[in-house]
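Heads up, the thing below is written out as structure tokens.
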Amino acid sequence: MNKLSEDEIRDKLKNLNNWEYKDNKLVKEFKFNTFDDSVNFLKLIQPVADSLDHHPDVHIYYNRVIIELTTHDAGGITDLDFKLAEKIDDLSRHIR
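If you're matching positions, the sequence shown starts at 1 in full-length UniProt numbering and goes up one per residue.
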């Protein structure tokens, strides 16, 4: 998987919903009603991440989940990060 240029990343970000490019990562904060909702969100992400063999860095703060995506092997953002970001956005709709 090839690392994307900053121009490619900024262009592709236009197709995502509220994701940011920060510190060589795609980052998004999701807010839920409860801690259980946050955990259930991660349970939805896990099989998708496993199927892509691409796993996010995750931070949970009660009802907030911060997802960070980067392709460590490529040293930055790749198309795989954008693919997982789109799938994560779709999954978040099942919790809200």
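Built from N, CA and C at the ideal position, the CB exists for glycine as well.
Computed from a predicted model, the values in this text were never measured in an experiment.
Based on the DSSP output, what are the partners of residue i in its beta bridges?
i	result
Ile66	Glu29 and His59
Gly76	Thr71
Lys22	Lys25
With burial defined as no fewer than 16 other Cβ atoms inside 10 Å of the residue's Cβ, what is the status of residue i: buried or exposed?
i	result
Thr78	buried
His54	buried
Pro47	exposed
Thr34	exposed
Leu52	exposed
Ser5	exposed
Just to confirm, is the Cβ distance from residue i to residue j under 8 angstroms?
i	j	result
Asn17	Asp90	no
Leu26	Leu69	yes
Gly75	Lys22	no
Phe82	Lys12	yes
Ile66	Glu29	yes
Asp37	Ile95	yes
Quick one: give me the first and last residue of the alpha helix (DSSP H) that residue i is part of.
i	result
Ile9	Glu6 to Leu13
Ile45	Phe35 to Leu52
- Answer yes if the segment 5-19 comes into contact with the segment 37-55, meaning at least three C-beta pairs across the two stretches below 8 angstroms, and no otherwise. no
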